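Chemist: Residue numbers (this note's numbering): 93 to 354. All residues carry an ideal CB built from backbone N, CA and C; glycine is no exception. Bear in mind that the values here come from a model prediction, so they are computed numbers and not experimental data.
(1) May I have the straight-line CA-CA distance separating residue 252 from residue 116, to the nearest angstrom?
(2) Do residue 108 and residue 146 have their C-beta atoms within less than 8 Å of each other?
(3) Quick one: which unbroken beta strand (DSSP E) runs of 3-plus residues sit fully inside the segment 121-187? Chain order, please.
(4) Does residue 347 come out as helix, strand or coil in the three-state DSSP assignment?
(5) Please state the DSSP three-state secondary structure of residue 240.
(6) Could you name the residues that DSSP lists as bridge partners for residue 216?
(7) Under the three-state reduction of DSSP, which class applies to residue 113: helix, strand or coil?
(8) Leaving aside the five residues before and after residue 274 along the sequence, list all residues of the same chain whose C-beta is less than 6 Å from its C-beta, in chain order.
(9) Among 192, 175, 151, 322, which residue has its Cα nearest to the Cα of residue 219?
(10) Distance check for residue 122 and residue 153, CA to CA, integer angstroms please.
(11) Going by the beta-carbon positions, is the gap between residue 128 and residue 166 smaller than 8 Å?
(12) Quick check on residue 188: buried or exposed, where buried means 16 or more other Cβ atoms within 10 Å of its Cβ?
(13) Could you work out which residue in 229, 114, 302 is closest to residue 164 when comparing CA atoms only?
(14) Leaving out five residues before and five after residue 271 in sequence, what residues of the same chain have Cβ atoms less than 8 Å from its Cβ?
(15) If you draw a straight line from the alpha carbon of residue 202 to that of residue 177, how long is it in whole angstroms?
(16) Using three-state DSSP, classify residue 203 as helix, strand or coil.
(17) Between residue 291 and chain C, is there a C-beta pair that is closer than 8 Å?
(18) Could you check what DSSP says for residue 272 in three-state terms: helix, strand or coil?
(19) Pair every Cβ in the segment 299-319 with every Cβ in the segment 253-266, then say whether three or more of these pairs are closer than 8 Å.
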């Protein structure tokens, strides 16, 4: 599984999501660093024993876009470009086996496990991004939650979307202004990710047309986004928007700390 994970990371062009111990992180570090240097978005969930001091974690600078710390045992999981996945139970599990996947549908199932159990609720310990703009999003729902703090009738939120044409499968990139968000109602900062399932669509105005953009597994939109970057907001988003983003990060950290103490 580790050998195949190295291969998948070496061949990744867009995104790598990884749940791993610090030991395996060090083994994969050369491949992760090379992917990061190619411009691949690298998100890592580091799982350790309870009580591990975050200051003892490996330095992810130049290796990962964002790192979160889960102070509980977890499986090894690597996802590359939404098409390939490697999975193995954590070392203390009763059954030991490995799963290698080259299939979008099954990889999508593992993505939701990563998002809900290994990522969304845990404390960020490293983030390449500042609190200002631009902001890069791993999932369209995170982008929609931030944009819900803006009045789009009064703000021009400009995005760059990298992804695929849903009909043809060809790579597609567009830059435009968000006209509307279709999906769940605006959420409170500490709303759990399971309340955000279902359709989330961003209607992006570009080159005289409005293009519906969806996330992983998009079927009814024109574009499936693999990376969304919020480039600018005019007029400025103001302290309320920045505060809402920070509140969401803090709420995720609180949930992770509470669960690690249960």
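Modeler: Taking the definition as stated:
(1) Rounded to the nearest whole angstrom, the C-alpha separation of residue 252 and residue 116 is 33 Å.
(2) Cβ atoms of residue 108 and residue 146: not closer than 8 Å.
(3) Counting only runs of 3 or more residues that sit fully inside the segment 121-187, the beta strand (DSSP E) segments are 133-139, 158-162, 168-172, 176-180, in chain order.
(4) Confidence in residue 347 is poor, its pLDDT being 44 and thus under 50, which makes the residue's placement too unreliable to answer from.
(5) Here residue 240 sits in coil by DSSP.
(6) Answer is 160.
(7) Three-state DSSP puts residue 113 in coil, outside helix and strand.
(8) If we look at residue 274 and ignore the five residues flanking it on each side, its Cβ neighbours are 293.
(9) Closest by alpha carbon: 151.
(10) Spanning the two alpha carbons is a distance of roughly 13 Å.
(11) Contact check for residue 128 against residue 166 fails: the beta carbons are separated by 8 Å or more.
(12) Exposed is the call here.
(13) That would be 114, whose Cα lies nearest to the Cα of residue 164.
(14) If the five residues before and after residue 271 are omitted, its C-beta is found closer than 8 Å to the C-beta atoms of 244, 295, 296, 297, 302, all from its own chain and listed in chain order.
(15) So the alpha carbons of these two residues sit roughly 8 Å apart.
(16) The answer is helix: DSSP assigns residue 203 an H, G or I state.
(17) Any reference to chain C falls outside this structure, which holds one protein chain only.
(18) Taken through DSSP and simplified to helix, strand or coil, residue 272 comes out as strand.
(19) Contact holds: three or more Cβ-Cβ distances are below 8 Å.
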